[in-house]
Amino acid sequence: MRIRTHPKLRSMHVGDEVYSLREHIYARVTAMFPAAVCVHTITLSWQHGATLQTTPQLWCAEDIENLSICRSCGLRDDLACEYPTGAPFRLCRSCRHPRGSCAG
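Each number in this note's numbering corresponds to the 1-based position in the sequence shown with 513 added.
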């Protein structure tokens with residue numbers, strides 16, 4: 514049996530910024546798996562004074578949006594945030610303008 518990478522993860526790299534559609538938080542990818550990514554989130558703990566703790570989490574590919582690439586064409590250059598659906602995503606300069614060279 515061959516393990517296949519989820520289509521959303523084909524253009525993803527360690528260090529990419531992702532948004533969890535389920536948790537509604539941002540994080541950076543620290544490791545990748547065929548159908549999920551590992552991220553580290555920061556939580557504030559009050560047990561022994563105020564301390565920040567990093568917690569590794571595994572996020573399913575279905576539940577994330579890669580914010581390091583253009584949502585339309587996949588380029589990584591000159592990105593700007595768009596929020597028309599409530600969930601953030603990024604578009605490159607060409608895809609933001611109707612006369613651009615990108616499809617989308």
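For glycine and all other residues, C-beta sits at the position ideal for the given N, C-alpha and C.
Asked	Found
Taking only the alpha-carbon atoms, compute the straight-line gap between residue 573 and residue 549 and give it to the nearest angstrom.	4 Å
Output the distance between the C-alpha atoms of residue 544 and residue 526, rounded to the nearest integer angstrom.	8 Å
For residue 606, report the span of its alpha helix (DSSP H) as first-last.	606-609
Quick check on DSSP: helix, strand or coil for residue 547?	coil
Just list the residues that DSSP pairs residue 542 with in beta bridges.	552
Tell me the rounded alpha-carbon separation between residue 606 and residue 581.	14 Å
Give a yes or no on whether the C-beta atoms belonging to residue 555 and residue 565 are separated by under 8 Å.	yes
Indicate the three-state DSSP secondary structure (helix, strand or coil) for residue 575 in the structure shown.	helix
Count the other CB atoms, across all protein chains shown, that sit within 10 Å of the CB of residue 529; report buried if there are 16 or more and exposed otherwise.	buried
Which class does residue 569 belong to by DSSP, given the choice of helix, strand or coil?	strand
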